[in-house]
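For reference, the structure discussed in these notes is given below.
In the working numbering, the protein residues as written are 684 to 802.
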């Protein structure tokens, strides 16, 4: 995969994660699964540390929701009515994504080592 394709995939899934965060605030129950799948797949497919830049999409969505005074469906706020809790959640996802990138790097290293050992 080329670097350009990785950048495009990171930007596209950043938008998808931002939209799923926005829709999840309105009570769309499937939105959290889309966010989770996007974060995991992006980390494993791209395999670069800068995939955490995709979390700018959800961050922008959280800032927009908080600044407009969004009232969450059912009175329950998935981010505990504060931008701070949303930022803590995004920090958690940054760490998870970096761990997954590290796992991808280990598999790449082992695969390359095996290929060079066979040659």
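Where is the CB? At the ideal position from N, CA and C, for every residue including glycine.
The model shown is predicted, which means the values in this text are computed figures rather than measured ones.
Buried or exposed, going by whether 16 or more other CB atoms sit within 10 Å of the CB of residue i?
i: residue 684; result: exposed
i: residue 688; result: exposed
i: residue 775; result: exposed
i: residue 800; result: exposed
Return the first residue and the last residue of the alpha helix (DSSP H) that residue i is part of.
i: residue 745; result: 739-750
i: residue 685; result: Looking at the DSSP string, residue 685 is not in any alpha helix (DSSP H), and its letter there is neither H nor E.
i: residue 736; result: From DSSP, residue 736 is part of no alpha helix (DSSP H); its letter is neither H nor E.
i: residue 714; result: 714-729
Could you tell me how far apart the beta carbons of residue i and residue j are, in whole angstroms, since I believe they sit closer than 8 Å?
i: residue 780; j: residue 726; result: 4 Å
i: residue 695; j: residue 748; result: Not confirmed; about 21 Å, so no contact.
Quick check: residue i and residue j, are their CB atoms within less than 9 Å of each other?
i: residue 744; j: residue 701; result: yes
i: residue 742; j: residue 785; result: no
i: residue 704; j: residue 740; result: yes
i: residue 723; j: residue 783; result: yes
How big is the Cα-Cα spacing for residue i and residue j?
i: residue 712; j: residue 793; result: 39 Å
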